[in-house]
Structure formats: structure tokens, C-alpha cells
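Input: a single structure, listed below in C-alpha cells.
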């Protein structure tokens, strides 16, 4: 998740695979609320990370729909809660809820493709 380094410090609780972020002014848009792109990125990354950790597979996002339900403000402690809804051999369906103090701010539904096992190239 090196691509998330620009977001600032992310926090992870291993027991339930919750990722969290303290929203800063640098994360806001012209309306002084968290930028939608930041929220979608956090949801997508939390989904992929949790699926990889819980299902022990490598995945890529195929489709993701996002509902922005409530504004997220600077200073908010934003938690990403992920649930795997259905797992097949090739596709995994999951939901992410971004929450502030238990209130749902964003809901993302996504489909991930399971990547084929990587085999190293031969030397020759």
C-alpha cells in the first residue's frame, strides 16, 4: 500500500482488519470536507488489503461503486470496515463502510478478480 503514503499515517487493527485515518486539512476539497477521491482511494485500498489478508489471495479491482452519504471533516477519525460478501474461485464481492464514530459516511460495493498464481520466469 505504498501508494497511500501521500495520505499520511494509516492505522490498522489486526484483529478485525480495520484501516483508519485522521482526516487533515490537506485531505479536503474546496468545500473544506474530505475529497471524494481520497475517500474512494481509502475504501478501494481497504477492500483489497482485507481481501488479500482474509482470503489469502492476490486481487485487483474490477468494479467499484461508491455512495457518498455524509461529509467527512478535518479532524474526523475515519475507519474503513470491510466485509467479504461472496467469494468464488475467480471473483470476490465485498463491501466497505467508511465510518466516523459509528456513523456511515461512505459505502462502497466492489468486485475483485483473483489473480493467477505468479510463477517466476525461467532463466533460459
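Numbering (my numbering), first residue to last: 18 to 141. Glycine residues also receive a C-beta, built at the ideal position from the N, C-alpha and C atoms. The structure displayed is predicted, hence computed values, not measured ones.
N-terminal and C-terminal residue of the beta strand (DSSP E) that residue i is part of
i: residue 51; result: Counting along the chain, residue 51 falls outside any beta strand (DSSP E), and DSSP gives it neither H nor E.
i: residue 76; result: 76-85
i: residue 102; result: 94-104
i: residue 40; result: Neither: residue 40 is in no beta strand (DSSP E) and is coded neither H nor E.
i: residue 122; result: 120-131
i: residue 116; result: 108-117
Nearest-angstrom Cβ-Cβ length linking residue i and residue j, presumed shorter than 8 Å
i: residue 76; j: residue 35; result: Contact flag wrong, Cβ pair sits at about 19 Å.
i: residue 67; j: residue 99; result: 4 Å
Neighbour-count burial assignment, residue i, 16 or more Cβ in a 10 Å radius
i: residue 54; result: exposed
i: residue 79; result: exposed
i: residue 60; result: buried
i: residue 102; result: exposed
i: residue 116; result: buried
i: residue 47; result: exposed
i: residue 62; result: buried
Opposing strand residues paired with residue i [DSSP bridges]
i: residue 89; result: According to DSSP, which records beta bridges pairwise, residue 89 is partnered with nothing at all.
Beta-carbon proximity of residue i to residue j, cut-off 8 Å
i: residue 44; j: residue 51; result: yes
i: residue 95; j: residue 124; result: no
i: residue 40; j: residue 92; result: yes
i: residue 111; j: residue 56; result: no
i: residue 109; j: residue 72; result: yes
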